[in-house]
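Notes follow once the structure below has been shown.
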Amino acid sequence: MQSSLTVISDLVVAGFHALSDPIRINVVELLRDKELCVCDLCDTLGVTQSKLSFHLKNLREAGLVRSRQEGRWIYYSLNLPQFVVLEQYLAEFRRCSQILPSRICKDS
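Offset between the sequence shown (1-based) and the numbering used here: plus 96.
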């Protein structure tokens with residue numbers, strides 16, 4: 097059984113990994129205001145559907161986007177609770193006091 101710290105850590109790692117690519121960042125920016133179908137994302141980003149599918153898979157696996165099918169079209173939207181997880185992780189750094197210097201290492 098995994099501890100909650102491990103689960104949160106896995107979510108954080110997956111989230112930041114998914115956000116490490118410019119195309120995926122652009123997808124997130126496009127989905128900021130509204131749900132979009134794959135065809136609209138492809139047109140706006142100027143990428144093929146196969147290339148976009150790879151990036152959307154990464155975002156879905158990280159829990160950053162949700163998808164729903166309507167007819168033959170798949171629509172994507174942001175999964176805001178996962179962004180809250182990343183935001184809370186980063187907020188912990190604001191609470192850190194000044195980082196103390198390391199002890200001086202001595203040669204043996």
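For each residue, glycine too, the CB sits at the ideal point set by N, CA and C.
Considering only Gly159, Ser173, Ser198 and Leu174, the residue with the shortest C-alpha distance to Val109 is Gly159.
Inter-residue distance for Pro197 and Arg191 is about 18 Å (C-alpha atoms, whole angstroms). Our two residues, Ser146 and Lys202, have alpha carbons roughly 55 Å apart in a direct line. Counting only the Cα atoms, Gln178 lies some 25 Å from Cys135. In the assembly as shown, Leu137 is a buried residue. Its beta-carbon has 16 or more other beta-carbons within 10 Å. Check the Cα spacing between Arg128 and each of Phe150, Ile170 and Val161: the tightest is with Val161. For Glu166, the uninterrupted beta strand (DSSP E) segment begins and ends at Val161 to Glu166.
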